[in-house]
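Encoded as structure tokens, the structure appears first; notes follow it.
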Amino acid sequence: MTDTPADIADLRARLSRLEAEAAIRACMNRYMALCDALSPATPLDELAGLFTEDAVWEGIGDKYRRTFGRIVGRPALRAMFARYMVEPSHFALNVHFLTSELIQPASPVFATGCWIMLQTSTFAAGASHLNAARLTVDFRAADGAWRMSHFRTENLFSRPVDAWNRPDPVPVPE
985 MTDTPADIAD LRARLSRLEA EAAIRACMNR YMALCDALSP ATPLDELAGL FTEDAVWEGI
1045 GDKYRRTFGR IVGRPALRAM FARYMVEPSH FALNVHFLTS ELIQPASPVF ATGCWIMLQT
1105 STFAAGASHL NAARLTVDFR AADGAWRMSH FRTENLFSRP VDAWNRPDPV PVPE
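Dropping the structure here:
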């Protein structure tokens, strides 16, 4: 069987789409890993560099619009993240879980990703919180990498909880 130029073009387009999805997933995973460990040691330039120069980060829906507002531009995003990188750290424990992923490349330079995020946090002050949010993120290929260009987070539920990391022994069968 001989591959036609159309077959080869189709394979190249499919490969490009898979590579874009993998790069977008890696960008989002790196963002969450850095957010899990926000402290003065967090590489702030790397975190801000996951966004395009003109990126928008915003809370949508009543609760997150009031809590987070809308931040525009990489310098403003950098300043927002820097507020969390204090000593003592804002978070004593912070873990983000992503699920229900859907990445949809729309062109060789634009894509949208959607996730449901569960965030378990204990703050330096001692309170713990459980949050769930819907994330809708536009990505753009810029400077040789896929970067976030519009990050939207919408609260699904939020509640205080008892401490996450208790000293109680882990139950195991006897």
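If you want the working numbering, it's the position in the sequence shown, counting the first as 1, plus 984.
Glycine included, every Cβ here is placed at the ideal spot set by N, Cα and C.
Determine the closest residue to residue i out of the options, with distance taken between C-alpha atoms.
i	options	result
arginine 1124	Thr988, Met1012, Pro989, Arg996	Met1012
histidine 1074	Ser1112, Arg1058, Gly1053, Pro1059	Ser1112
threonine 1096	Gln1103, Tyr1015, Arg1009	Arg1009
arginine 1143	Pro1153, Tyr1068, Leu1102	Leu1102
valine 1070	Ala1108, Thr1104, Gly1043	Ala1108
serine 1023	Gly1033, Arg1067, Ile1100	Arg1067
aspartate 1029	Ala1063, Val1040, Trp1041, His1080	Ala1063
What are the boundary residues of the beta strand (DSSP E) that residue i is part of?
i	result
glycine 1043	1035–1044
Quick check: the Cα distance between residue i and residue j, rounded to an integer number of angstroms?
i	j	result
alanine 1090	valine 1145	40 Å
threonine 1137	proline 989	43 Å
alanine 1004	proline 1092	8 Å
valine 1040	leucine 1119	13 Å
leucine 1031	aspartate 991	39 Å
methionine 1016	histidine 1080	6 Å
glycine 1045	serine 1084	20 Å
leucine 1114	isoleucine 1055	24 Å
arginine 1131	glutamate 1042	16 Å
On the DSSP bridge assignment, give the partners of residue i in chain order.
i	result
alanine 1129	Ala1126
glutamate 1138	Ile1044, Arg1118
serine 1000	Note: serine 1000 sits in no beta bridge, so no partner.
threonine 1106	Leu1077, Ser1112
valine 1154	Per DSSP, none; premise fails for valine 1154.
Specify, as a first and last residue, the run of the alpha helix (DSSP H) that residue i falls within.
i	result
alanine 1032	1028–1032
Margin query: Extract the residue ranges of the alpha helix (DSSP H) inside the segment 1056–1103, only unbroken runs of 4 or more that lie entirely within it.
Written below: 1058–1066
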